[in-house]
Each structure stands twice: as structure tokens, then as C-alpha cells.
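> FYI, in my numbering the residues of the sequence shown are 254 to 675.
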Amino acid sequence: MTDKVCVLGLGYIGLPTAALFATHGHEVVGVDVDPRRVEMLKNHHTFTDGEPGLATLVSEASQTGRFRVTEQIEPSDVFIISVPTPLRKTGRSADLRSVRAATQNVARILKRADLVVLESTVPPGTTHQVVLPLLERSGLRGGRDFSLVHCPERAVPGHALYELIHNDRTVGGIDPASGERAKALYGVFVKGEILTTDATTAEMVKLMENTSRDVNIAIANEFALLAVRHGVDVWKAIELVNRHPRVKILRPGPGVGGHCIPVDPWFLAQGSPEAALIRTARRVNTQMPGVVAAIAKRALRGIRAPRIAVLGVTYKGNVADTRESPAVDVLARLPSTWTARVHDPRATRFQVSLLPLDDAVRGADCFILMADHDEYLFLDPNRVGALMRHRILIDTRNHLDHAAWTAAGYRVFTLGRPASTA
Ligand code: SAJ
């Protein structure tokens, strides 16, 4: 008899996780507090945000007859909490309200021998100091009566399904038995190695993964700023640096978006004076939209009331997600006298209306490429240029073939390359 699994939070990790358990023999109840999301999933529409393969997997899960979606939690053998843990706007600390609410819901129906899995990304100590005490209000004792683990995911949006299955996975139990129980559970679909540890170490592991990424992006961005000062093309320099067998510099960019990399470092830094480098990296990355705006002001100097087109408003290329997108910060830093139109081949919603490409660039003096979608590699410089008033390209991702755009009469700017070579 396989465990009945209840997944609380049907977001970009909870939904595929629920569907994977259902398509691997478990009865699964997916619970979400958003009635619209529940209704859409009941009608077999998925909130995929363009996640490849997710719609098909959710449909397969529904066809098993073992996957239901509801707003009400139900008695189950396993409870997986995969609810959002955003950053509090004030004080840069984790907002755990959804985790607390979900845990309290579980505590009300928790029974002996149940397993509770916290998948949400949380500050170190949350499993032991927040989730465990709330669950023990049931009168049951963690370890003795029920199992509790922190099991973070590391699936990259855009490849989430593949990575949920193939990545190695960390499972951190409040006691070894909890870890072993969760390892057996996830082993039903995880093909990567499942490594057990304690709960607090598992919380740290997840945050260290994403924080190290933020710091590594920050050094790439700082190299871009230094390269301009020294008249060097940072992209050429990085290409040469990365030939070193033990060095891998990431790519400078217009800012660090998404709902993880800009957030998770703060979960590690909160209340920790030691986190000097982590805070500095955050400061370096959050200044990049301002660097892009300064390049645009320089490039458009002398043009009255410039019109610009922003191409790519998702937080990075080849995803549909616009959460914490650097494009928002760049637009906010442009003079109010400028007119900005936006295009994105994958985003479905943004703070300003998304236009077809030709409408976005028509009459523009410049276009700023912010997200390096594959689709933009096929833009025809002359066809786009024929629609524009001036031919100025600011390629914040060094994504396009600058020789071709220069040959088509564009002045090309990018991060980390002195304007003189533009
Ligand atoms: N970025 C750069 N330069 C780079 C790499 C990224 O500017 O060289 C920017 C991107 O444009 C984007 C932001 O950083 O705005 C974040 O993009 P990302 O691809 O680094 O990360 P995410 O948020 O898409 O996914 C990350 C992944 N974590 C790591 O790579 C360590 C993923 O494995 C996690 O599961 C995910 O965060 C998460 O949900 O935690």
C-alpha cells in the first residue's frame, strides 16, 4: 500500500512534484489556497509558465485517477509543504507566514507515523524552531510519533521537470529515521542520488547553492565595471579567463531576477553580521539596472524625448517568468520624458502591455535587449532597423551578433565594453 501524499502549494515546484508522485503510483491530493489556481487545475489547465512538459505530466497525473486538486487539506500519510517564502520588504528577512499557515493546517490532522516534508526554502533553523513546534501542538512528538524533514529542490525553471527527476537531492531529517523515510519516498521518481543529512544542514545547503550563485554573478558584474574603466572588453577577457582549468566566471547581466537568487542570500544573511560578502554581492547586483540606464542615457544623448523598445522582460532568457525581472528596475530608472514599449516572445503578463515586436520597435531610437531569449537570435537587423528612427542597440546580455548589427548601421552598446568600441 503506497502512502497517500498531500502537497500544499501548487506552484512551479509543488505542481510537478504532486504530478510526479501521482504518475509513480501514489494517491495525491494537491492543495492550494488560491481558488483560481484550484479551479484552473480542476479544469486541466496548468499554471506552467511555459515549463516544458508540465502540462502533459499534469494531464497524465489526472488520467491516473489518483490526483485531485482541492482547497481543503485531507488526512494523508505524507504532507509536502511547498508554499512561497518571499522576502519581507522591510528588514530583508524571510516571510514565513505561508509556511506557518500550512504547518498549522497539517498539525490539525496529523496522525502517528505521518511524514511531513518542508520543501520551501527557509532560513537555517526553521524546520526545528518553527515547523516542529507547530506540528507538536498536535500532541504528537517529532521523531517518536511522526517524521519531519527539510527536502529542498534545485530544479532550474525552464528545465524543472528534468531536474526534479535527475538532480541529486538533499534530504535533511530531524532524526535519521525521518531522513531514511523521505529518501525512500522520493526514490520513487528521483533518479539522482538522494543524500541524507540533518534538517539544518539541508536548509543551509539550499541557501549556500543560491547564495554562491549570486556572489559569482556579482564578481562577473564587477569585472564588467572594471573592464570599462581599463578599456577592456570584459566578454573577451572572460572567454580567456575561463580557459583556466579551475576558473569559471559567469556572465555579466542587467541585474539578478527570479524569486530565488535575489532572495535566498538574505535568508542566510538575516541576523548574521558575518555575511559581509553576501550583502556586498547583493549590492553589486542590484546596481546593475542603474548601469544599464546610464548606458542608455549616454547612447541617446542629444535625442529629444527618446523612444525605446525593451526586448525581453522575463527575469532571464528562455523562461516566461517575469518575477523580480531586472527589466522592471531598468524601466523605473529611465527619464519620465522617455517613451518605452516592451516585447517578449514568452512572457504572458507584465506591468505594461506587451506589444508585438514590430509595434514595440516602430519609431524607436534604440532597443534594449534585456532577456536573452533564443528567439532574438533570429531578428533581422535591417528589417528591424527599417522600422526604427535611429539604429541604436543596447545588448545587456551580449546575446546578439554585434558585427552583423554594426554592419546594418547600428551603434551597439553592451555591459563591460567601453563605449568607444561601440
Ligand atoms: N544571471 C546572470 N548571469 C549569469 C547567470 C544568471 O546575470 O551568469 C541572472 C539571470 O539572468 C537571472 C538571475 O541571475 O536574472 C537568476 O538566474 P539563474 O539561472 O542563475 O537562477 P534561477 O533563479 O533561474 O534558478 C536558480 C538555480 N540555482 C542555481 O543555479 C544555484 C536553480 O538550480 C534553483 O533551483 C533555483 O534558483 C531556485 O528555485 O532556487
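Cβ coordinates follow ideal geometry from the N, Cα and C atoms, glycine included.
Source: prediction; values computed, not measured.
#1: How long is the line joining the alpha carbons of Leu-261 and Trp-519, rounded to whole angstroms?
#2: Counting only runs that start and end within the region 514-569, where is the alpha helix (DSSP H) found for 4 or more residues in a row?
#3: Using 8 Å as the Cβ pair cut-off and three pairs as the minimum, do the region 595-607 and the region 522-539 touch?
#4: If contact is defined by three or more beta carbon pairs under 8 Å, each pair taking one atom from either stretch, is the region 581-591 in contact with the region 554-568?
#5: Taking the DSSP output, what are the residues bridged to Lys-257?
#6: For the beta strand (DSSP E) containing Thr-423, name the first residue and the last one.
#7: Roughly how many angstroms separate the alpha carbons of Arg-642 and Asp-618, rounded to a whole number?
#8: Quick one: Cα of Phe-442 to Cα of Asp-451, how far?
#9: Under 7 Å Cβ to Cβ from Pro-542, same chain only, skipping five residues before and after it: list those, please.
#10: Kindly indicate which residue of Ala-314, Val-286, Leu-340 has the alpha-carbon position closest to the one of Ile-334.
#11: Between Leu-273 and the rest of its own chain, which residues show a CB-CB distance below 6 Å, the 5 nearest in sequence each way excluded?
#12: Would the C-beta of Pro-579 count as close to the ligand SAJ, meaning under 7 Å from any of its heavy atoms?
#13: In chain order, what residues of the same chain lie with their CB nearer than 7 Å to the CB of Gly-395, ignoring the 5 residues before and after it?
#14: Can the beta-carbon of Val-352 be found less than 8 Å from the beta-carbon of Val-375?
#15: Is the closest heavy atom of the ligand SAJ to the C-beta of Leu-503 under 7 Å?
#16: Please report the straight-line C-alpha distance between Thr-255 and Leu-622, rounded to a whole angstrom.
#17: Taking the CB atoms as reference points, tell me whether Thr-423 and Ala-455 lie closer together than 8 Å.
#18: In the DSSP output, which residue or residues are listed as bridge partners for Val-369?
#19: Taking Val-258 as the reference, give the member of Pro-526, His-497, Val-331 with the closest Cα.
#20: Under a Cβ-count criterion, where at least 16 other Cβ atoms within 10 Å of its own Cβ denotes burial, should Arg-499 be classed as buried or exposed?
#21: In angstroms, rounded to a whole number, what distance separates the CA positions of Leu-263 and His-412?
#22: Among the residues of its own chain, which have a CB less than 6 Å from the CB of Ala-675, if the five just before and after it don't count?
#23: Would you check whether the ligand SAJ has a heavy atom nearer than 7 Å to the C-beta of Ala-473?
#24: DSSP three-state label for His-643, please.
#25: What's the call for Asp-467, buried or exposed, on a 16-neighbour Cβ count within 10 Å?
#26: Helix, strand or coil for His-412, going by three-state DSSP, please let me know.
#27: Mapping DSSP to helix, strand and coil, what is His-652?
#28: Am I right that Ala-593 and Val-563 are in contact with their C-beta atoms under 8 Å? What's the rounded C-beta distance?
#29: Determine the burial state of Ser-465: buried for a count of at least 16 other Cβ atoms within 10 Å of its Cβ, exposed for fewer.
#30: With distances taken from CA atoms, which of Glu-327, Arg-670, Pro-269, Asn-571 is nearest Leu-630?
#31: Measuring only the C-alpha atoms, how far is Val-458 from Leu-438?
#32: Grab me the residues of Leu-371's own chain with a C-beta within less than 6 Å of its C-beta, minus the 5 sequence neighbours each way, in chain order.
#33: Let's see if you can read the secondary structure: which residues bound the beta strand (DSSP E) around Asp-451?
#34: Any heavy atom of the ligand SAJ closer than 7 Å to the CB of Leu-425?
Here's the rundown:
#1: Looking at the two C-alpha atoms, the distance is approximately 24 Å.
#2: With a minimum length of 4 residues, the continuous alpha helix (DSSP H) runs that stay inside the region 514-569 are 517-522, 529-539, 541-552.
#3: Taking 8 Å as the limit for Cβ pairs, the verdict is that the region 522-539 does not touch the region 595-607.
#4: When Cβ pairs closer than 8 Å are counted between the two stretches, the region 554-568 is seen to touch the region 581-591, the count reaching three or more.
#5: Its beta-bridge partners are Glu-280.
#6: Element bounds for Thr-423: 422-426.
#7: In a straight line, the C-alpha of Arg-642 is about 5 Å away from that of Asp-618.
#8: Taken atom to atom, the span from the alpha-carbon of Phe-442 to that of Asp-451 is near 22 Å.
#9: Here the set comprises Pro-507, Gly-508, Pro-579, Asp-582, Val-583, Arg-586.
#10: Closest option to Ile-334, Cα to Cα, is Val-286.
#11: Sequence-distant Cβ neighbours of Leu-273 in its own chain, meaning closer than 6 Å and more than five residues away, are Phe-442.
#12: Within the chosen limit of 7 Å, the ligand SAJ reaches the beta carbon of Pro-579 through at least one heavy atom.
#13: Taken in chain order, the residues that qualify are Leu-385, Leu-388, Glu-389, Leu-401, Ile-427.
#14: With a cutoff of 8 Å on beta-carbon distance, Val-352 and Val-375 are scored as near each other.
#15: Yes.
#16: If you take the alpha carbons of Thr-255 and Leu-622, they lie about 50 Å apart.
#17: Contact: yes.
#18: The bridge partners DSSP lists for Val-369 are Phe-332, Leu-401.
#19: In terms of CA proximity to Val-258, Val-331 leads the group Pro-526, His-497, Val-331.
#20: By the neighbour-count rule (16 or more Cβ atoms within 10 Å), Arg-499 is not buried but exposed.
#21: Each residue's Cα considered, the two are about 17 Å apart.
#22: Summary for Ala-675: the model assigns pLDDT 47, below 50, so the residue's position carries little reliability, and this model does not support an answer.
#23: Yes.
#24: Three-state result, His-643: coil.
#25: By the Cβ-count criterion, Asp-467 is buried, with 16 or more other Cβ atoms from all chains shown falling within 10 Å of its own Cβ.
#26: When secondary structure is reduced to three states using DSSP, His-412 falls in the coil class, being assigned neither helix nor strand.
#27: Of the three classes helix, strand and coil, the one that applies to His-652 here is coil, per DSSP.
#28: Correct: roughly 6 Å between the Cβ atoms.
#29: Exposed: under 16 other Cβ atoms inside 10 Å.
#30: When the alpha-carbon of Leu-630 is set against those of Glu-327, Arg-670, Pro-269, Asn-571, the nearest one is in Asn-571.
#31: So the two alpha carbons sit approximately 20 Å from each other.
#32: Within the same chain, Ile-334, Thr-380, Val-384, His-403 come within 6 Å of Leu-371 by CB-CB distance, once the 5 residues on both sides are set aside.
#33: Counting along the chain, Asp-451 sits inside the beta strand (DSSP E) bounded by residues 447-451.
#34: Residue identity check: residue 425 is Gly in the sequence provided, not Leu. Result no, Cβ not under 7 Å from the ligand SAJ.
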